[in-house]
Each structure stands twice: as structure tokens, then as C-alpha cells.
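Presented below is the structure to which this report refers.
Number of protein chains: 2
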Amino acid sequence: MKTEAGQGPAYQRRKADRPAEIVQAGLEEFFAQGYAKASLARIAQRAGVSRATLYLYFDGKDALFEAVAAEAMGPLVAEMAEAVDAPSGSTEELVRRMLRRFYGMITGTKNSALMRILIAEGKSHPDLVARYHALIIRRGEAALGALVQRGIARGELRAGAATAVPQMIVAPAVFYLLHTMIFGDIDRLDVDDFLEAHMDMLFNGMGARSEI
Amino acid sequence: MKTEAGQGPAYQRRKADRPAEIVQAGLEEFFAQGYAKASLARIAQRAGVSRATLYLYFDGKDALFEAVAAEAMGPLVAEMAEAVDAPSGSTEELVRRMLRRFYGMITGTKNSALMRILIAEGKSHPDLVARYHALIIRRGEAALGALVQRGIARGELRAGAATAVPQMIVAPAVFYLLHTMIFGDIDRLDVDDFLEAHMDMLFNGMGARSEI
DNA sequence: AAAATTGCTGACGCCGGCGTCATCAACTAA
DNA sequence: TTAGTTGATGACGCCGGCGTCAGCAATTTT
């Protein structure tokens, strides 16, 4: 619409905007194809730029991938922080809210794409894994630990599994994520049913004596 | 040792053994590198064969990969079947035995490698995913369902989460698998601690009222 | 308006990987 | 021993992808 006319300028110089546009294009390509199959040519095309231009802003495929991953982690961290800092209401309600958010995240394609890449390409990019761990996992674990302590202090949780391994609280959600990621096309689990079962398991267990 | 002497035959004709040897070499290469980075040249080298020979027995990279995956699934199916058909003792003991086996499998590198490939390359090989689902997942789910029914009949389990979503029983183990697979190098969880927490969560939940 | 700056590009070289084919040589049968 | 069969190979062609560089042209400065 802007430069399509007869013989307008063949290209525009937009030094400021290029990096963001390239990263965005890279995000789409990497998430759709995975690292190995992703092609710099396609990324350049998506970004409306020549392939050589990529090298003006990034040192190569690897560096671009790092930038893309960093970009993708941003929203995750924000989401994580947001989901945690609302300590009001009973522990059960708190957990339910958190899990609902968690399952929502999972449903979103973006995050599962990042997950998939981390799993697939983790061996080749250990620094990436480390960053993800520091940014997301460690914070999440800390938040879960705090949640458990609060629950115990309020007399709503008991010491035991949750204190020993707070991650247990979100473990079923991770199962759901993985299952959906791999078998989503042929065997989709209902989110709401799963969330309810998850909550039931967490707070009541499945042993018969819980009902006494 | 056999054909290394001065001018022994440059190669031997072993039509019967080649396929298995090639599949074995392919298994190592694919599991170490992932599909995309795996190289037929390296596979041929591992198998002690020229690259062209691969095409005598397999139609190409894709076909070889299918054969490798099928080969890798065999032991898993056996393991699965073995772990299930021992319905003796209390449900808790049964679950504990099953889970111990499960965590053992996870620790084994083979299976997590297959998992990693399924996740990474699932999109490009939907038929593979379908086969894995039919062979492993469906059977596992059936076994879990039977386990739950048996537990309820014996009065050891209550209806609820476990009946609605039997997979909940193994969900934490899958979390452990994923965590270990991705972050195993920088943040290893203790298997025994995790298994205990897992059992505690399953049978007692984390709600305070379970203790009343 | 002309000179200077620099964002941007097209084209080149290189490499690794896949698939194929004519040819060779190990085995087999006569 | 000799002719025939076929498992196995080395080398070739092709393709796609990465990284680079001299040169062009959009923009800025004088």
C-alpha cells in the first residue's frame, strides 16, 4: 500500500523497526518449524527483508534464535508473576485460580510451542534451558513453596507431599500439557473435567479413607 | 578380527543381518541427534556399511526412521504389559510397584529419547504418534482404569478424580519425566523423594481434612 | 544541489545431505 | 573351474541452507 506504486523506492531504511520485525518473523518460523527445519530465507521473507539483512542485526541463526526465545519468555514471566501475587481467599480458591490460569496458558499455542522447542532443542542449547529455568521454573517453584507455607499456616493444608515437593501441585497440569501437545489431534482431554479431577486429587486424594 | 588381515575380502555379504544392524545404528543416531540432525552417512558408518547399502534395505531416511521407532516401541510394550498383569496385594502396594517400575523406565535413557523424538518430530510424523498412542497410551489407560475399578471394588479407593481421569495416577511421574528430560542436567529431582511424595499425594491428598 | 553516510540488497562460494546408477566383487551353482 | 547371481560400493548430480561482500540507492548533511 505504501511502496507498491509504479517506481516508488525499492525499499525503505528503517533501522529502528527491523530488529523487532525480524524477531517476530523468527518467532513464527521457529515455532512453526522447530529450530532445525526453520529457514533464514523464510524468516527474511516473512519480515519483508533480504536474507543478508538478517546478518546486519543478528550474528546468525543461533543468535537470532536466542533473541526469539528471550522474546517469547517475556510474556511467560509476566503471566507467572501476575498469577502468583494475589494471595487472597482460601488456599483452595487460590490454587484453583492459579491452575485455571495455568491451563489457559497451556491451551495457548505460543507457550506449548516454546515448550516443544525447549524439549526438542534443549540438548543443543543448554544455555537457553538454563535461562528458562532461572526465569520461569525457579520463580514458579518459589511461588508454589510460598503458597504451601501459607496454606499450612492457615490450617488448610497438611505437611507431607506438598511440603516435600511443591511441584506436585502443578504436576497434573504438566501432564495435561504434554498429552495435549503430543496427542492433542487424536485424543483430546476435556480441560474442565481434567481441572476438576486435578483439584479433587490435590485436596482429597483418591484413597477411600479420605471420605471417612 | 575377522576380515582385517592383509587382503581378506573387502566386505562380506550378510543379507540376513544387515537390516537389524542398520536399525540398531539408526536407533543410536536418531536418539542421539533427533530426526532432523541425524545423518544417513553416520548411520551407515555406525552400521559398518556404505551409505548406498541403506537404500538396499530401506526406502530412505523416513522409512528407516519408522523402522527404528517401531523397534524402539517393542520393549516399551513388553514392559507395559508386564507391569500391569500382576493384580495381587492391596491397591496401594500395586500402585507403588507400578510407579516404581515407571520411574525406573523414565530413568532409562532409551525411553526418554523416544519421548523426546515424539515431541520434537510429532508434527512431521503423525502416523508415528498414532501408533505410539495405540500401542502404549491406550493400553496404559485401560490398565489404569481396571486398576481403579479393582481398587473401588475392594473399598480401597473412592470414586472421584481417579474414576473421572485415571491418568491422574501417573501424571506426577510424567511431570518427573519431563522435568528430568529438560532440566536434568541443572536441577535433578531425587527419584525416591519424588516417588514418596507422589504416593502421599495420590492416597492422602494435601488437604488438611485428610488428617482428621 | 551535491557530497557523504549507511541501510539494504543480489549474487557468489561453500558445505553437507539425500538419492541413484553403473560397476565391482563375494558368493553360488553347474 | 567357470559362469551366473546379487549383495555391496564409490562416485556423481542435485538441492537447500548458511554466511559474506562489493555495490547500489535511500536518506542525511553540508
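Taken in sequence, the protein lines are chains A and B. Each residue of the first sequence is one higher than the last, beginning at 9 in my numbering. Each residue of the second sequence is one higher than the last, beginning at 9 in my numbering. A virtual CB, placed ideally from N, CA and C, is assigned to each residue, including glycine.
When we look at the beta-carbon of P180/B and count the other beta-carbons within 10 Å, is it buried (16 or more) or exposed?
With 16 or more Cβ atoms within 10 Å of its Cβ, P180/B is classed as buried.
One question on the structure: do G213/B and M209/A come within less than 8 Å of each other, judged by their Cβ atoms?
Yes.
Any C-beta of chain B under 8 Å from that of M209/A:
With a threshold of 8 Å between beta carbons, M209/A makes contact with chain B.
Cβ closer than 7 Å: which chain A residues qualify as neighbours of D67/B?
Residues of chain A passing the Cβ test: none, with the nearest at roughly 21 Å.
Are at least three pairs of beta-carbons, each pair with one atom in the segment 69 to 85 of chain B and one in the segment 20 to 36 of chain B, less than 8 Å apart?
With a cut-off of 8 Å, the segment 20 to 36 of chain B and the segment 69 to 85 of chain B count as touching, because enough Cβ pairs lie within range.
Considering S120/B, what are the terminal residues of the alpha helix (DSSP H) in which it resides?
In the DSSP assignment, S120/B falls within the alpha helix (DSSP H) that extends over T117 to E129.
Reduced DSSP category for Q215/B - H, G, I as helix; E, B as strand; rest coil
Here the sequence assigns Gly to residue 215/B, which means Gln is not the residue at that position. Strand.
Ignoring anything shorter than 4 residues or poking outside the segment 163 to 213 of chain A, list the alpha helix (DSSP H) runs there in chain order.
Those alpha helix (DSSP H) runs which fall completely within the segment 163 to 213 of chain A and span 4+ residues are 169 to 172, 179 to 191 and 199 to 212.
Let me know the alpha helix (DSSP H) ranges lying completely inside the segment 13 to 100 of chain B, each 4 residues or longer, listed in chain order.
Qualifying alpha helix (DSSP H) stretches, in chain order: 26 to 45, 48 to 54, 59 to 65 and 69 to 92.
Against A205/B, what residues of chain A qualify as contacts under a CB-to-CB distance less than 7 Å, listed in chain order?
Here the neighbours are A169, A172, V173 and M176.
What do you reckon, are the CB atoms on G130/A and I190/B nearer than 8 Å?
Yes, they are a contact pair.
Give a yes or no on whether 8 Å exceeds the smallest Cβ distance from K45/B to chain A.
At least one chain A Cβ lies under 8 Å of K45/B.
The segment 139 to 158 of chain B in contact with the segment 50 to 63 of chain B per 3-pair CB rule at 8 Å
No, because fewer than three Cβ pairs between the segment 139 to 158 of chain B and the segment 50 to 63 of chain B fall closer than 8 Å, the two stretches do not touch.
Looking at I127/B and R166/A, is the spacing between their C-beta atoms short of 8 Å?
Not closer than 8 Å, so no.
Pull up the distance between the alpha-carbon of R109/B and that of Y63/A, whole angstroms please.
When rounded, the distance between both Cα atoms is 50 Å.
Residue-chain proximity (L48/B, chain A), Cβ-Cβ < 8 Å:
Cβ-Cβ to chain A under 8 Å: no for L48/B.
Would you decide whether A71/A is buried or exposed? Buried here means 16 or more other CB atoms lie within 10 Å of its CB.
With fewer than 16 other beta carbons inside 10 angstroms of its own, A71/A counts as exposed.
Under the rule that 16 or more other beta-carbon atoms within 10 Å means buried, what is E90/A, buried or exposed?
E90/A should be labelled exposed.
Kindly indicate if chain B contains any beta-carbon less than 8 Å away from that of I190/A.
For I190/A, the answer is yes, since a Cβ of chain B falls inside 8 Å of its Cβ.
Check the Cβ-Cβ distances between I144/A and every residue of chain B, and say whether any is below 8 Å.
Cβ-Cβ to chain B under 8 Å: no for I144/A.
Listing by chain order, which chain A residues have their CB less than 9 Å from the CB of P134/B?
What P134/B touches in chain A: D193 and I194.
Between A216/A and chain B, is any beta-carbon pair separated by less than 8 Å?
Yes, contact with chain B.
Would you call V182/B buried or exposed, if buried means 16 or more other Cβ atoms sit within 10 Å of its Cβ?
So V182/B counts as buried.
DSSP-derived helix/strand/coil call for H133/B:
Reduced to three states, the DSSP call for H133/B is coil.
Within the same chain, show all residues whose beta-carbon is closer than 7 Å to that of G153/B, passing over the 5 residues directly before and after it, in chain order.
By the criterion of a C-beta distance shorter than 7 Å, G153/B is surrounded in its chain by P174, once the five residues flanking it on both sides are discounted.
Any non-hydrogen atom of the ligand SAM within 7 Å of A205/B CB
This structure does not include the ligand SAM; it has no bound ligands of any sort.
Taking just the CA atoms, how far does L48/A sit from E74/B?
Spanning the alpha carbons of E74/B and L48/A requires a straight line of approximately 29 Å.
Should A161/B be flagged as near chain A, meaning a C-beta pair shorter than 8 Å?
Not an interface residue.
Using CA coordinates, which residue listed in G112/B, Y43/B and D201/B is at the minimum distance from T171/A?
With distances taken between Cα atoms, T171/A lies closest to D201/B.
Helix, strand or coil at T11/A [DSSP, three-state]:
In this predicted model, T11/A has a pLDDT of only 36, less than 50, meaning its place in the structure is not dependable; the value taken from the coordinates is given anyway. DSSP places T11/A in coil when its eight states are reduced to three.
To be precise: take each residue of the segment 108 to 124 of chain A, compare its Cβ to all Cβ atoms of chain B, and keep it if any distance is under 8 Å. Which residues remain?
Per Cβ criterion, the list reads R124.
Integer-rounded CB distance, given that K45/B should sit under 8 Å from A44/A:
Rounded, the Cβ-Cβ distance is 6 Å, consistent with contact.
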